[in-house]
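Structure representation (C-alpha cells):
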C-alpha cells in the first residue's frame, strides 16, 4: 500500500541549459546530438529537495513521473505540469522502477532485498527475494521484457552503504543479473559482473545493456557498459559496448532508434547503437538515472543527485508501457 508523508515542497522550474551549452555539444559531436535534442531546448528543474534521486518511471495511468529518493527512503510523484507530492513514504529505500505490460509498478527495494509489484488494491506482491538458499543483496534496477520476464540487477549497495538500506552480510556468491521467468523461476543469467547496475533492452530485445558500477579486485573501476545477446532468456557474447570518461555508468535507457543513454559522473552520455558517441547532456553533479516519458514519450527525465530535471527531445523512448 502507499504511505503518506508530510506535504512536499513546491515545484521549482528553473531553466538550466539552453543554446549556450547544448549548441557546442552538438558541434563537437558532428551535430549528432542535435538529432536527439534541439540546440534551443531548455532543461528544467522539476524537483530539488532530494538526497539521491533514482529510478524514474513515467506512469501513463497517473499522467505522472514517479521516482525514488533512495537515501531519504521515499518515493515522489510529479503529475505532468503539477507539483511534487508523496507517493510512498517510507519506500524501503526503493531504487529502480518499471512497469509491466498491465501498467503495474515494479520496484526494487534495497532495504528488504526484494523486487515487488504494486497491485490495483495497493497491496504488494513479492516477485523475488531469494536465490538458492540466501536472500538477494539489494535489487537495483529492473526491466520487463515483452514475454513478461522480469530482469533485474542485484549489487550490494543497499547492504554496504548505510544510507541506502540496511547493512548486512551478503548471502549470495556475488552480484548477479537475474531473470524471473513468467512461471516464477529465478535464474542468475550473468554472474561475472562486480556490481551490475543499470540495464536496458535494445528496441528489438535482442541485446541487453548492463552498466558495470563495481571495482576490480585491484581497486580499479572498469567504467564500462556491456552488451549481451539475448536468446530464449539466455545471455551470450558479452562485450564492452562503451567506456565512461567520468564517474561510473549508472542507469541506462534506450530510445526507439537504438541509442543508448547512461547516467554518468558528468551528465547523460549518449551513444549510437554501434557504440559511436552522440554527445552529452551535462549536469551539475553525477547523474544517477534517466527515463523517457511525458504524454508523447519524448520527454527525458534526469535524476541528478538532489534534483530531477526534464528536457524535451526529438526522439521517443523504447519499450514504453502503460
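Numbering (my numbering), first residue to last: 20 to 341.
The beta carbon of each residue, even a glycine, is placed where N, CA and C say it ideally should be.
Given the structure is predicted, the values throughout are model-derived calculations rather than measurements.
In whole angstroms, give me the CA-to-CA distance for residue 179 and residue 189.
If I take the Cα positions, the gap works out to 9 Å.
What residue range does the alpha helix (DSSP H) around residue 52 cover?
51-55
For residue 67 and residue 320, I'd like the C-alpha separation in whole angstroms.
13 Å
Quick one: grab the DSSP three-state call for residue 90.
helix
Of the residues 130, 161, 300, which one's Cα is nearest the Cα of residue 93?
130
Could you name the residues that DSSP lists as bridge partners for residue 155?
None; residue 155 has no bridge partner.
By how many angstroms is the C-alpha of residue 162 removed from the C-alpha of residue 168?
9 Å
Answer yes or no: do residue 307 and residue 63 have a C-beta to C-beta separation smaller than 7 Å?
In this structure, residue 307 keeps its C-beta atom at 7 Å or more from the C-beta atom of residue 63.
For residue 342, which of 326, 335, 233 has the nearest alpha-carbon?
Given a span of 20 to 341 for the chain in the structure shown, any question on residue 342 remains unanswerable.
Considering residue 10, what are the terminal residues of the alpha helix (DSSP H) in which it resides?
Nothing about residue 10 can be reported from this structure: the residues present for the chain run from 20 to 341 only.
Helix, strand or coil for residue 139 per DSSP?
coil
Quick one: using the 10 Å Cβ neighbour count with 16 as the cut-off for buried, is residue 36 buried or exposed?
Since pLDDT at residue 36 reaches only 43, below the 50 mark, its modelled position is unreliable, and the value read off the structure follows with that caveat. Buried, because 16 or more other Cβ atoms sit within 10 Å of the Cβ of residue 36.
For residue 231 and residue 249, which I take to be in contact (beta-carbon distance under 8 Å), what is that distance rounded to the nearest angstrom?
With 8 Å as the limit, residue 231 and residue 249 do not qualify as a contact, their Cβ atoms being about 18 Å apart.
Could you tell me which residues DSSP puts in a beta bridge with residue 288?
281, 299
Of all the beta strand (DSSP E) runs that stay within the bounds of the region 160-214, which reach a length of 3 or more residues?
161-163, 169-172, 196-199, 205-209
Assuming the contact rule is C-beta atoms closer than 8 Å, residue 266 and residue 305 should be a hit. Round their C-beta distance to whole Å, please.
5 Å
My guess is that residue 227 and residue 205 are in contact by the Cβ rule of under 8 Å, so how many angstroms apart are they, rounded?
In fact, because the Cβ distance is near 16 Å, the residues do not count as touching under 8 Å.
Who are the Cβ neighbours of residue 331 in its own chain at under 7 Å, not counting the five residues just before and after it?
60, 317, 318
Ends of the beta strand (DSSP E) at residue 258?
253-262 is the extent of the beta strand (DSSP E) around residue 258.
Can you give, in chain order, each stretch of the beta strand (DSSP E) that sits fully within the region 70-117 and has at least 3 residues?
72-78, 83-88, 93-98, 104-107
Answer yes or no: do residue 193 and residue 214 have a C-beta to C-beta separation smaller than 7 Å?
no
Going by DSSP, name the residue or residues bridged to residue 322.
308, 327
Closest to residue 115 by CA distance: which of 52, 309, 245 is it?
The shortest Cα separation from residue 115 among 52, 309, 245 belongs to 309.
Measure the C-alpha to C-alpha separation of residue 222 and residue 176 and round it to an integer number of angstroms.
29 Å
Relative to the C-alpha of residue 185, which candidate in 211, 199, 128, 217 has its C-alpha closest?
128
With a CB to CB cut of under 8 Å and the five nearest residues on each side skipped, what residues in its chain are close to residue 171?
For residue 171, where only same-chain residues beyond five positions count, the Cβ hits under 8 Å are 115, 127, 134, 147, 158, 159, 160, 161, 162, 196, 197, 199, 218.
For the beta strand (DSSP E) containing residue 121, list its first residue and its last residue.
Unbroken run through residue 121: none, as it is neither H nor E.
In three-state DSSP terms, what is residue 230?
Residue state, collapsed to three classes: strand.
Given a threshold of 16 other Cβ atoms within 10 Å of its Cβ, counted over all protein chains shown, does residue 210 qualify as buried or as exposed?
exposed
Report the three-state DSSP secondary structure of residue 147 (helix, strand or coil).
strand
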